[in-house]
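Undergrad: The sequence shown maps to residues 3 to 103 in my numbering. Where is the CB? At the ideal position from N, CA and C, for every residue including glycine. The structure's right below; bear with me while I get my questions together.
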Amino acid sequence: MMYLDEEIVESQPGAQPMPYEHLEDQEAAGFLARIIAGLPPRQQEVLQLKFQNDLSYQQIAAITKTTPNCVGVLIHTALKTLRHRYREPSKDFVSFIPRTN
Numbered sequence: 003m004m005y006l007d008e009e010i011v012e013s014q015p016g017a018q019p020m021p022y023e024h025l026e027d028q029e030a031a032g033f034l035a036r037i038i039a040g041l042p043p044r045q046q047e048v049l050q051l052k053f054q055n056d057l058s059y060q061q062i063a064a065i066t067k068t069t070p071n072c073v074g075v076l077i078h079t080a081l082k083t084l085r086h087r088y089r090e091p092s093k094d095f096v097s098f099i100p101r102t103n
């Protein structure tokens, strides 16, 4: 049995995401922002320049007055730290799967 509101939602393929999807995204983004805030300032800076500003290693090196190799090491170290810190707590995030019966 399918509920009426689910039929309406499923019949509109280009519709906006469901509210729970937006909430899940916000929760995960907030969690990730808190973990990033725990990184050393230099690592935070290169991550922001790389992923928010979409700059190349060469551009980041010019801004931070380092070498592209140093930028790569900083990004690699930061991502490794984030993966390690995110792995355990992320197990608590349970995706909401709507009922389809």
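What are the complete alpha helix (DSSP H) segments, minimum 4 residues, inside the stretch 61-89?
TA: 70-89
Undergrad: Is it buried or exposed for A31, if we count other Cβ within 10 angstroms and need 16 for buried?
TA: exposed
Undergrad: Just to confirm my understanding: we take A39, look at its own chain, exclude 5 residues before and 5 after, and list those with CB closer than 8 Å. What are they?
TA: Q46
Undergrad: Taking DSSP as the reference, what is the three-state secondary structure of D27?
TA: helix
Undergrad: What is the DSSP secondary structure of M4, counted as helix, strand or coil?
TA: Model confidence at M4 stands at a pLDDT of 49, short of 50, so the residue's coordinates are unreliable and nothing is read from them.
Undergrad: In three-state terms, what does DSSP make of P42?
TA: Correct three-state label for P42: coil.
Undergrad: Can you tell me the Cα-Cα spacing of A86 and N71, whole angstroms?
TA: A small fix is needed here, since residue 86 is His in this sequence, not Ala. Straight-line Cα distance between these residues: approximately 23 Å.
Undergrad: In angstroms with no decimal places, state the Cα-to-Cα distance between V48 and R89.
TA: V48 and R89: Cα-Cα distance of roughly 22 Å.
Undergrad: Please return the same chain residues whose Cβ sits closer than 8 Å to the Cβ of L41, not counting the five positions on each side in sequence.
TA: L49, A80, T83, L84
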